[in-house]
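Heads up: the sequence shown begins at 1 in the UniProt record's numbering, then just goes up one per residue. C-beta: ideal position from N, C-alpha, C; glycine also. Below is one structure; the comments refer to it alone.
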Amino acid sequence: MKVKIKKWNAVATWRWDLPEDDVCGICQVHFDGTCPTCKYPGDDCSLLSGKCGHNFHMHCIMEWIKQESSKGQCPMCRQKFEWETEVGPGQQRVQHEEVAAEAQ
1 MKVKIKKWNA VATWRWDLPE DDVCGICQVH FDGTCPTCKY PGDDCSLLSG
51 KCGHNFHMHC IMEWIKQESS KGQCPMCRQK FEWETEVGPG QQRVQHEEVA
101 AEAQ
């Protein structure tokens with residue numbers, strides 16, 4: 001019996017290079033999902049990491065930093081929040097200058 005493939009459709013998936021149970025420290029949504037601001041996962045719902053090792057949806061941490069009560073601290077550990085400039089494989093790099101400009 002010979003089989004001939006008439007049409008082939010490839011499907012791709014992606015995921016962040018993080019533990020499966022890791023969630024945004026602010027909205028508590030998994031990183032494979034979307035933050036409350038976004039409709040679809042992907043480039044518009046980027047992941048940002050702090051030097052302290054905590055990860056957040058870009059929109060969540062931007063809103064947090066805008067609040068006067070945040071005092072520029074990580075919402076998880078209360079250390080001074082600084083953007084991680086080195087990202088691991090599978091994570092999207094977002095320049096902190098770009099994020100700071102969007103937060104204003």
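Residue i to residue j span [Cα, whole Å]
i, j, result
"LEU18", "PHE81", "20 Å"
"LYS51", "THR34", "22 Å"
"TRP64", "THR85", "19 Å"
"residue 106", "HIS57", "Given that the chain is displayed from residue 1 to residue 104, the structure contains no residue 106 and the question cannot be resolved."
Heavy atom of the ligand FMN within 6 Å of residue i beta-carbon
i, result
"PHE31", "Absence of the ligand FMN is noted for the structure shown, with no ligands found whatsoever."
Own chain, CB closer than 6 Å to residue i, minus 5 neighbours either side, in chain order
i, result
"CYS77", "CYS52"
Per-residue burial, residue i [other beta carbons within 10 Å of its own, 16 or more giving buried]
i, result
"ASN9", "exposed"
Bridge-paired residues (DSSP) for residue i
i, result
"VAL23", "HIS30"
"LYS80", "GLN73"
Contained beta strand (DSSP E) runs [length at least 3] in the UniProt domain "RING-type" (35 to 78), N- to C-terminal order: 47 to 49 and 55 to 57
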